[in-house]
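**Q** Dumping the structure here so I can ask a few things about it.
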Ligand SMILES: [Zn+2]
């Protein structure tokens, strides 16, 4: 990981050197990317304020803090190539190597395919209303700490299902008798916890959805951490926050439960990366919360060493 970071820095500075040779003013802020360098992870890129960044088809313009975040899709290819251009027209490239995922793939046969789907008119209406509520929430963007303070585990309990595994279900519809196939990827990080376990904000943010009864998700809270990152908490038994509440890392959001379409009490925590500069939301995707927890350790290490430096004579 350190090698990747150094390589990224080298690429950035070598690009700037070329830029300076072409007559760009010296002393321009260099740029670099770090973060969760893995498929399903997150690139955290820092550079000049107002720089325009591009990764594949995604473009973002950095604010005054110079930071942009790019989610890394589950199937993202390595190395990742980024270009950035400063407001003064200096352009450069950064190349970042990212690690492959090794998610399990399972074929599960004998499923009753429509077991969890909405079937009655009331269920279909409920599911449709829930979908609209969720889409509307994902349209809103708030300022927030983003990744700057790291992420903490939102509930106490053993992790019970990681992000990433792909499952192919082969079965039959009990309703129609038709054979069916479903492929689903687990997009969250499950924590086994008895009903009533407190859920804490993994990072600060603004509550953009607080609904006690979404059809599949049950009691749910969406928390916008800023810079496009949203945490989603599902299957809650109690909600202690309302839309518009601003919470700090560690604040209580509610309690775990067994609501919605579940197979037992647990917290499903997922994190969606949205490009704030893209108009449509169809290109957004979920990233691996466990990788964000590892990022927290990185931030803590930096803080620890900074404190040590500060206390030195
Ligand atoms: Zn889950």
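Residue numbers (our numbering): 2 to 314. By construction, the Cβ of each residue, glycine as well, lies at the ideal position given by its N, Cα and C atoms.
What are the uninterrupted segments assigned as beta strand (DSSP E) that are 3 or more residues long and contained completely in the segment 22-70, given in chain order?
**A** With a minimum length of 3 residues, the continuous beta strand (DSSP E) runs that stay inside the segment 22-70 are 33-37, 43-47, 53-56, 59-62.
**Q** Do residue 99 and residue 83 have their C-beta atoms within less than 7 Å of each other?
**A** Counting from one through the chain shown, the residue named residue 99 turns up at place 98. Counting from one through the chain shown, the residue named residue 83 turns up at place 82. No, they are not a contact pair.
**Q** Is any heavy atom of ligand 1 found at a distance shorter than 6 Å from the C-beta of residue 35?
**A** Working through the chain shown from its first residue, we reach residue 35 at position 34. Residue 35: no, Cβ never under 6 Å from ligand 1.
**Q** For a test of your reading of the model: does the CB of residue 269 fall under 6 Å from any non-hydrogen atom of ligand 1? Yes or no.
**A** The residue labelled residue 269 in the question sits at position 268 within the chain shown. Yes, since a heavy atom of ligand 1 falls inside the 6 Å radius drawn around the Cβ of residue 269.
**Q** Does the Cβ of residue 191 lie closer than 6 Å to at least one heavy atom of ligand 1?
**A** Position 190 of the chain shown, counted from the first residue, corresponds to residue 191. Flag set: Cβ of residue 191 near ligand 1.
**Q** With distances taken between CB atoms, is the gap from residue 188 to residue 85 smaller than 7 Å?
**A** Counted from its first residue, the chain shown places residue 188 at position 187. Counted from its first residue, the chain shown places residue 85 at position 84. No.
**Q** Using only the alpha-carbon positions, how far apart do residue 248 and residue 257 sit?
**A** Translated into positions along the chain shown, residue 248 becomes position 247. Translated into positions along the chain shown, residue 257 becomes position 256. Their Cα atoms are separated by approximately 18 Å.
**Q** Measure the Cβ-Cβ separation of residue 138 and residue 200 and say whether it is below 7 Å.
**A** Taking the chain shown and counting its residues from 1, the one referred to as residue 138 is at position 137. Taking the chain shown and counting its residues from 1, the one referred to as residue 200 is at position 199. No, the pair does not count as a contact, with Cβ atoms beyond the cut-off.
**Q** Quick check: residue 184 and residue 169, are their CB atoms within less than 7 Å of each other?
**A** Residue 184 sits at position 183 when you count from the first residue of the chain shown. Residue 169 sits at position 168 when you count from the first residue of the chain shown. Against a cut-off of 7 Å, the Cβ pair of residue 169 and residue 184 comes out as a contact.
**Q** So, under 8 Å CB-CB, residue 232 and residue 224 are touching, yes? Tell me the CB distance rounded to an integer number of Å.
**A** The sequence position of residue 232 within the chain shown is 231, counting from 1. The sequence position of residue 224 within the chain shown is 223, counting from 1. Contact holds; Cβ gap of about 5 Å.
**Q** Give the list of continuous alpha helix (DSSP H) stretches no shorter than 4 residues that lie fully inside the segment 87-152.
**A** Within the segment 87-152, the complete alpha helix (DSSP H) runs of at least 4 residues are 122-139.
**Q** Tell me the rounded alpha-carbon separation between residue 198 and residue 88.
**A** Taking the chain shown and counting its residues from 1, the one referred to as residue 198 is at position 197. Taking the chain shown and counting its residues from 1, the one referred to as residue 88 is at position 87. So the alpha carbons of these two residues sit roughly 49 Å apart.
**Q** With a threshold of 16 other CB atoms inside 10 Å of the CB of residue 78, please say whether the residue is buried or exposed.
**A** Mapped onto the chain shown, residue 78 falls at position 77. Result: exposed.
**Q** Assign residue 290 to one of two classes, buried (16 or more other C-beta atoms within 10 Å of its C-beta) or exposed (fewer than that).
**A** By one-based count along the chain shown, residue 290 stands at place 289. Classification for residue 290: buried.
**Q** Whole angstroms are fine: how far does the CA of residue 202 sit from the CA of residue 253?
**A** Reading the chain shown from its first residue, position 252 is the one you call residue 253. Reading the chain shown from its first residue, position 201 is the one you call residue 202. For residue 253 and residue 202, the distance between alpha carbons rounds to 6 Å.
**Q** Three or more C-beta pairs under 8 Å: does that hold for the segment 64-72 against the segment 36-47?
**A** Touching, yes.
**Q** If the criterion is Cβ atoms closer than 7 Å, does the pair residue 166 and residue 105 meet it?
**A** For this step, residue 166 is matched to residue 165 along the chain shown. For this step, residue 105 is matched to residue 104 along the chain shown. Against a cut-off of 7 Å, the Cβ pair of residue 105 and residue 166 comes out as a contact.
**Q** On the criterion of 16 or more Cβ atoms from any shown chain inside 10 Å, does residue 243 qualify as buried, or is it exposed?
**A** Taking the first residue of the chain shown as 1, we reach residue 243 at position 242. Answer is exposed; the Cβ neighbour count stays below 16.
**Q** Under 8 Å by Cβ, that's how I've got residue 207 and residue 238 pegged, so tell me the actual separation to the nearest angstrom.
**A** Residue 207 sits at position 206 when you count from the first residue of the chain shown. Residue 238 sits at position 237 when you count from the first residue of the chain shown. Contact doesn't hold; Cβ gap of about 23 Å is too wide.
**Q** Taking the C-alpha atoms as reference points, what is the distance between residue 236 and residue 127?
**A** Taking the first residue of the chain shown as 1, we reach residue 236 at position 235. Taking the first residue of the chain shown as 1, we reach residue 127 at position 126. Distance between the alpha carbons of residue 236 and residue 127: 16 Å.
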